[in-house]
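Some notes on the structure that comes next.
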Amino acid sequence: MYDSVIFDHDGVLTTLVDISLLQDATWAAFDELGVVDPDPDHVRQMVINVSLEDVHTVAGAYDLDPETLFRVRDEFSSSYQCDAVADGRKVPYDDFDAIRRIDAPMGIVSSNQQATIDYVLDHLDAAELFGTAYGREPSLTSLHRKKPEPYYLELAMSDLGVESPLFVGDSDSDIAAANAAGVDSAFIRRDHRADHTPSPDPTHEVSGLDDLLAIDGVPVVDDVTAADGEALR
Ligand SMILES: [Mg+2]
């Protein structure tokens, strides 16, 4: 039996934003830093899947402090995403409420900014569902810690006081982080992953959050209890 369920956030609990939003945020970050005419390739390097090497290369080209560049980039990326949550461009998936039937502690481990995760949970009034919720801090240190590293997953397990969570994600880095932490994984095949072959192999594959409830070992409240809970709400 799993003693908890821990989720990735983007592409699992809430929909992805259009890449153009993250590109716009990155252009705005360069503008904020006084770089009015950055090389588009440098901007592109700072949008997603940013490596430490990318940050140093791009910062060097404009005589910027790498830590400052990355922090401002993260602040704008988060701010733009929070705006998208506020106006309904980034929303919980239709099956989000299925996780309310999971009868075990739940957590979030995301590579999005902590500020983004905090905003989403507050906006959805869903903070009480999760015993712990990690994003990244807006610093270069976080690039050494994010998935596929197990760092935040292990912190979440410690916070929840659990040893055998099921980790649910939509990316290879999620499955790799679960493996590194020595826990089982479930790959969720949302529409944006229709043709993806997950690597490494996940323990389970599901098409949505509803399917999680059918996995052997995921504790689920029985229908009567769930119905009572609804009635009491
Ligand atoms: Mg994801």
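Residue numbers 1 to 233, in this note's numbering, belong to the letters of the sequence shown in order.
Glycine included, C-beta positions come from ideal geometry on N, C-alpha and C.
Here the structure is a predicted model, which means the values were calculated and not measured.
Per DSSP, the unbroken beta strand (DSSP E) holding residue 136 starts and ends at 132-136. Here residue 87 carries a coil assignment [DSSP, helix/strand/coil]. Not one heavy atom of ligand 1 is found less than 7 Å from the C-beta of residue 161. If you look at residue 154, you'll find it in the alpha helix (DSSP H) that goes 151-160. Counting other Cβ atoms within 10 Å of its Cβ, residue 52 stays below 16 and is therefore classed as exposed.
Secondary structure at residue 205: strand, using DSSP grouped into helix, strand and coil.
Its Cα nearest to that of residue 202, the residue 173 stands out among 173, 214 and 191.
Counted as a single uninterrupted DSSP element, the alpha helix (DSSP H) harbouring residue 30 occupies residues 19-32.
Every alpha helix (DSSP H) stretch that sits fully inside the segment 43-90 and reaches 4 residues is listed by chain position as 52-61 and 66-86. Using a Cβ-Cβ distance cut-off of 8 Å, the segment 22-32 and the segment 61-77 are in contact, since at least three pairs of beta carbons, one from each stretch, lie closer than that value.
Pairing residue 104 with residue 5 gives a Cβ-Cβ distance under 8 Å. Of the other Cβ atoms in all chains shown, fewer than 16 fall within 10 Å of the Cβ of residue 125; this residue is therefore exposed.
Under the three-state reduction of DSSP, residue 188 is assigned to strand.
Here residue 36 carries a coil assignment [DSSP, helix/strand/coil]. Look at residue 15 here: in three-state DSSP terms it is coil, with no helix or strand label. Membership of residue 183 in any beta strand (DSSP E) is not indicated, and neither H nor E is assigned to it by DSSP. For residue 166, the pairing in a beta bridge is given by DSSP as 5 and 184. Residue selection by CB proximity (closer than 7 Å to any heavy atom of ligand 1) returns 8, 9, 10, 11, 12, 169, 170, 171 and 174 in chain order. Contact between residue 213 and residue 220 is confirmed by a C-beta separation of about 5 Å, below the 8 Å threshold. Considering only 169, 98 and 71, the residue with the shortest C-alpha distance to residue 142 is 71. Counting only the Cα atoms, residue 187 lies some 34 Å from residue 57. Taking C-beta atoms as the reference points, residue 132 and residue 160 count as a pair closer than 8 Å.
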